[in-house]
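Counting from 1, position 69 in the sequence shown corresponds to residue 69 in UniProt numbering; the numbering is continuous, with no gaps. A virtual CB, placed ideally from N, CA and C, is assigned to each residue, including glycine. Given the structure is predicted, the values throughout are model-derived calculations rather than measurements. For reference, the structure discussed in these notes is given below.
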Amino acid sequence: MFDFRTAQDLPKPELYRELLSAADALTAGETDSVANMANVAALLWEFLPDVNWTGFYRATGTGEEAELVLGPFAGRPACIRIAMGKGVCGTAATTGETQLVPDVHAFPGHIACDGATQSELVVPVKRDGNVIAVIDCDSPSPARFDTQDAEGIEALATLLAERI
Numbered sequence: 001m002f003d004f005r006t007a008q009d010l011p012k013p014e015l016y017r018e019l020l021s022a023a024d025a026l027t028a029g030e031t032d033s034v035a036n037m038a039n040v041a042a043l044l045w046e047f048l049p050d051v052n053w054t055g056f057y058r059a060t061g062t063g064e065e066a067e068l069v070l071g072p073f074a075g076r077p078a079c080i081r082i083a084m085g086k087g088v089c090g091t092a093a094t095t096g097e098t099q100l101v102p103d104v105h106a107f108p109g110h111i112a113c114d115g116a117t118q119s120e121l122v123v124p125v126k127r128d129g130n131v132i133a134v135i136d137c138d139s140p141s142p143a144r145f146d147t148q149d150a151e152g153i154e155a156l157a158t159l160l161a162e163r164i
């Protein structure tokens, strides 16, 4: 049994150290990518304050058939498929770069899966230089995420690169 106690009022560097430690403990030695993504989506939901969705989109297909497909998540039902280059998630997957969006309504081509979302952080998970998934965190508050959040989720993406 895993029992992770979270204190959401921790300073962000400490919160992300604890999150990374918990994710490492839960995913170490587990080879099932769905199980690992599911547990990490739940950890993000529990650890991060003021979020309304946390989860994964998996990169599938190649060339014209490439797209993002919904993976494990916590929150309200979400868009199932996202075209590469579309919205915040598709942009992160295509560019391979973290997308830190303080106001989703100002993001060109934003895809509104949940109308309550005001800000978003999307981090690509890369293996051998290729994006295999993105970690998506949404908040109902404007400018909820900052560079400390981006760095914390990027460290998580690095940990997960060989585990999903």
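Pairing residue 114 with residue 30, the inter-Cα distance amounts to about 32 Å. Annotation for residue 76: 114 place their beta carbon closer than 6 Å to its own, counting only its chain and skipping 5 residues before and after. Between the C-alpha atoms of residue 62 and residue 24 there is a straight-line separation of about 30 Å. When C-beta atoms of the segment 49 to 64 are compared with those of the segment 135 to 145, three or more pairs fall below 8 Å, so the two segments count as touching. Listed in chain order, the alpha helix (DSSP H) runs fully inside the segment 7 to 40 are 12 to 27, counting runs of at least 4 residues.
Residue 99 is bridged by DSSP to 122. Taken through DSSP and simplified to helix, strand or coil, residue 47 comes out as helix. Taking a cut-off of 8 Å for Cβ pairs, the segment 143 to 153 and the segment 65 to 76 do not touch, as fewer than three such pairs fall below it.
Here DSSP, grouped into helix, strand and coil, assigns residue 150 to helix. The shortest CA-to-CA distance from residue 13 to any of 163, 158, 162, 148 is the one to 148. Straight-line measurement puts the Cα of residue 103 at about 35 Å from the Cα of residue 28. Excluding its 5 nearest sequence neighbours in each direction, residue 90 has C-beta neighbours in its own chain below 7 Å: 68, 82, 83, 84, listed in chain order.
When the five nearest sequence neighbours on each side are left out, the beta carbons in the same chain lying within less than 8 Å of the beta carbon of residue 26 are those of 2, 36, 39, 40, 43, in order along the chain. Around the beta-carbon of residue 129, fewer than 16 other beta-carbon atoms lie within 10 Å, marking it exposed.
Here the alpha carbons of residue 57 and residue 116 stand approximately 19 Å from one another. The three-state secondary structure of residue 55, taken from DSSP, is strand. Take residue 73, set aside five residues on each side of it, and the residues of its chain with a beta-carbon closer than 7 Å to its own are 41, 53, 54, 55, 56, in chain order.
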